[in-house]
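Below: one structure, written as structure tokens.
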Amino acid sequence: RSSRENYGDSAIGCVSVKREGSICTIKGRICPEHRVRQKDYTVICIVDEEKETVPRVECLESFLMWINRRYESASPTEVECYWKKSALSNVATSKKFITTNEMTKNSESTTENLCDNSNFINKVIEQAKAKQLDSQLSRYTFDLLERTVYTLSIHQLIFGRITASNIYEASRCHTAEEKLVIAEIEKEFKLKIGKGGLLLIPSLSILGASPDGIGSDFILEIKCPNSEKTVKNYLPMGQISEKCKAQINLQMLVAKKKKGIFCVADPNFENNKQFRFIRIEHETFTYDVIEKAMNFWKQHIFPFIEVYYKIKIR
Numbered sequence: 001r002s003s004r005e006n007y008g009d010s011a012i013g014c015v016s017v018k019r020e021g022s023i024c025t026i027k028g029r030i031c032p033e034h035r036v037r038q039k040d041y042t043v044i045c046i047v048d049e050e051k052e053t054v055p056r057v058e059c060l061e062s063f064l065m066w067i068n069r070r071y072e073s074a075s076p077t078e079v080e081c082y083w084k085k086s087a088l089s090n091v092a093t094s095k096k097f098i099t100t101n102e103m104t105k106n107s108e109s110t111t112e113n114l115c116d117n118s119n120f121i122n123k124v125i126e127q128a129k130a131k132q133l134d135s136q137l138s139r140y141t142f143d144l145l146e147r148t149v150y151t152l153s154i155h156q157l158i159f160g161r162i163t164a165s166n167i168y169e170a171s172r173c174h175t176a177e178e179k180l181v182i183a184e185i186e187k188e189f190k191l192k193i194g195k196g197g198l199l200l201i202p203s204l205s206i207l208g209a210s211p212d213g214i215g216s217d218f219i220l221e222i223k224c225p226n227s228e229k230t231v232k233n234y235l236p237m238g239q240i241s242e243k244c245k246a247q248i249n250l251q252m253l254v255a256k257k258k259k260g261i262f263c264v265a266d267p268n269f270e271n272n273k274q275f276r277f278i279r280i281e282h283e284t285f286t287y288d289v290i291e292k293a294m295n296f297w298k299q300h301i302f303p304f305i306e307v308y309y310k311i312k313i314r
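Here it is as structure tokens:
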């Protein structure tokens with residue numbers, strides 16, 4: 001009867017352990033169930049941990065069963081003290097009941113001293129900013145604060161804006177003219193011209209070109225000047241300028257076409273539907289231009305890109 005769980009767990013208390021080599025000596029005090037008012041008697045159990053045997057135990061089987069239950073129970077997450085009076089021995093005390101106030105700690109001790117956390121998020125952001133942490137929180141807080149007008153490049157500042165240097169051209173620009181010119185070219189030369197777009201070279205990914213139209217074996221580049229003076233910028237002395245020649249040759253290279261049509265619309269194209277054009281054959285001088293442009297990019301552009309992305313991924 002003394003080995004049952006509901007008796008042993010409540011009757012045993014003040015347990016101590018002593019280890020000498022592989023010998024473990026366990027002592028405890030047991031309150032007899034039928035004599036709870038009498039003094040607890042001491043029990044002892046000697047265990048050989050190496051051989052996993054119990055050479056001697058003094059107390060019948062109650063204390064042994066209690067030790068076995070403690071051994072088989074799951075390890076607690078914190079240290080548990082067994083040096084305390086058994087629950088059964090407390091039955092013999094003169095105090096027969098306790099109040100609910102005694103079951104809890106003093107109200108003063110239970111009052112949590114919570115610090116002011118109203119500024120918690122700001123402190124987290126400050127630490128993240130100091131350590132340059134990359135997270136969803138940082139991307140929408142200090143990262144944006146760092147990108148002030150003092151750190152933005154001039155290209156980022158003027159992107160999408162009409163500045164003093166181009167306000168006059170913008171006031172006279174007609175974006176629909178290119179589509180009208182393409183329609184006239186298709187009608188005059190009986191050609192089918194598809195839409196252009198940004199084209200890239202896999203082996204030279206920093207280069208890109210966007211012709212205004214692409215045919216079966218040619219590309220089309222259109223200029224829509226707003227005055228006769230501007231026409232001369234594209235066709236000085238009736239010949240295509242070196243700048244425009246480099247542009248259309250790169251477009252042919254990227255589009256893998258050997259021919260190109262360079263078209264300059266009349267400043268009064270909307271009324272007279274007139275345009276001038278020059279047929280272009282791909283020229284080898286393009287490679288020399290590309291080599292010089294690549295050297296410029298490596299020396300003056302790439303270092304800034306490298307620094308920018310090192311900061312972003314740090």
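Heads up: the sequence shown at position 73 corresponds to 73 in the UniProt record's numbering, and the numbers run straight through without jumps. For each residue, glycine too, the CB sits at the ideal point set by N, CA and C. This one's a predicted model, so the numbers in the text were calculated from it and none came from an experiment.
Candidates Lys258, Arg19, Phe296, of which the one nearest Leu207 by Cα: Phe296
Proximity winner among Ile26, Gly213, Gly238, Ala293, relative to Gln251 (alpha-carbon distances): Gly213
Beta carbon of Ile44 nearer than 7 Å to that of Lys27: yes
N- and C-terminal bounds of the beta strand (DSSP E) containing Lys229: From DSSP, Lys229 is part of no beta strand (DSSP E) but of the alpha helix (DSSP H) over 228-234.
Bridge partner(s) assigned by DSSP for Ile46: Thr25, Arg56
Per DSSP, the bridge partner or partners of Asp194: The question names Asp, yet the displayed sequence has Gly at residue 194. Paired residues: Ile214.
Assumed close pair Ile280, Ile248 - CB separation to whole angstroms, cut-off 8 Å: 5 Å
CB of Ser210 within 7 Å of CB of Gly196, strictly: yes
Residues near Lys258 in its chain [Cβ-Cβ closer than 6 Å; skip 5 each side]: His282
Beta carbon of Leu200 nearer than 7 Å to that of Gly215: no
Residues sharing a beta bridge with Val17, DSSP: Ile26
Buried versus exposed call for Asp288 [16 or more other C-beta atoms within 10 Å across all chains shown]: exposed
Status (buried if at least 16 other CB within 10 Å, exposed otherwise) for Glu242: exposed
DSSP-derived helix/strand/coil call for Leu133: coil
DSSP-derived helix/strand/coil call for Ile290: helix
Beta-ladder partner(s) of Ala255, from DSSP: Note: Ala255 sits in no beta bridge, so no partner.
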